[in-house]
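Trainee:
Numbering (full-length UniProt numbering), first residue to last: 1 to 157.
1. By the 10 Å Cβ neighbour count, where 16 or more other Cβ atoms means buried, how is residue 1 classified, buried or exposed?
2. Any chance the stretch 119–136 sits against the stretch 86–104, with 3 or more Cβ pairs inside 8 angstroms?
3. Is the beta carbon of residue 88 sitting closer than 8 angstroms to the one on residue 55?
4. Straight-line CA distance for residue 64 to residue 43?
5. Label residue 85 either buried or exposed according to how many other C-beta atoms from any shown protein chain fall within 10 Å of its C-beta, with 16 as the threshold for buried.
6. CB-CB under 6 angstroms to residue 139, same chain, minus the five flanking residues each way: which ones, in chain order?
7. Determine, using beta carbons only, whether residue 163 and residue 40 come nearer to each other than 8 angstroms.
8. To the nearest angstrom, report how far apart residue 111 and residue 23 are at their CA atoms.
9. State the DSSP-derived secondary structure class of residue 114, mapped to helix, strand or coil.
10. For the alpha helix (DSSP H) that contains residue 65, what are its first and last residues?
11. Quick one: give me the first and last residue of the alpha helix (DSSP H) that residue 47 is part of.
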């Protein structure tokens, strides 16, 4: 006689939560501690504050040979855009991020952060790390077990 009582959805869900190491409440609390630096919110704010994002302003980079090499390689690579202030880097990246979301697979994470020299909330290394950690943890919950509550205390939190 087969015993199927161990196949219940509740048991499977409990085992998954155990493997994840944190309850929903703990997960939510950790995200809340990081959420003040959600790069997606900053991206939306930037797009709302600036002129509308026109594909013609950034589509040239999609055909650039170096960009294509980066796309065809491992998505784990870093794409770093740098340049002088007010040259269009931010809007270029907003467009690239939108395009990447169209072509990536579900198991690929896109993480980004927009630094702004005039905003002390997002112009330092701590902010960059917190924002990137937030994006990674939000998309891959199992990573949260590596974050301890003490990480949000002190001058470098």
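Where a beta carbon is used, it is the ideal one built from N, C-alpha and C, also for glycine.
Mentor: By the coordinates alone:
1. The residue you call residue 1 lines up with position 1 of the chain shown. Low confidence applies here, because residue 1 scores a pLDDT of 45, under 50, leaving its location unreliable and the question unanswered by this model.
2. The stretch 119–136 makes no contact with the stretch 86–104, as fewer than three CB pairs between them are under 8 angstroms.
3. Residue numbering aside, residue 88 sits at position 88 when the chain shown is read from its first letter. Residue numbering aside, residue 55 sits at position 55 when the chain shown is read from its first letter. The answer is no: Cβ separation not under 8 angstroms.
4. Here residue 64 refers to the residue found at position 64 when the chain shown is read from its first residue. Here residue 43 refers to the residue found at position 43 when the chain shown is read from its first residue. Spanning the two alpha carbons is a distance of roughly 23 angstroms.
5. Position 85 of the chain shown, counting from 1, holds the residue named residue 85. Residue 85 is exposed by the Cβ-count criterion.
6. The residue you call residue 139 lines up with position 139 of the chain shown. Closer than 6 angstroms at the Cβ level, and outside the excluded window around residue 139, lie 109.
7. In this structure the chain extends from 1 to 157, so residue 163 is not present and cannot be described.
8. For the purposes of this step, residue 111 is identified with residue 111 of the chain shown, where counting begins at 1. For the purposes of this step, residue 23 is identified with residue 23 of the chain shown, where counting begins at 1. Take the alpha-carbon of residue 111 and the one of residue 23: they are about 24 angstroms apart.
9. Indexing the chain shown from 1 puts residue 114 at position 114. Taken through DSSP and simplified to helix, strand or coil, residue 114 comes out as coil.
10. As a working note, residue 65 is residue 65 in the chain shown. For residue 65, the enclosing alpha helix (DSSP H) covers residues 65–72.
11. On the chain shown, position 47 is the one that residue 47 refers to. Element bounds for residue 47: 39–49.
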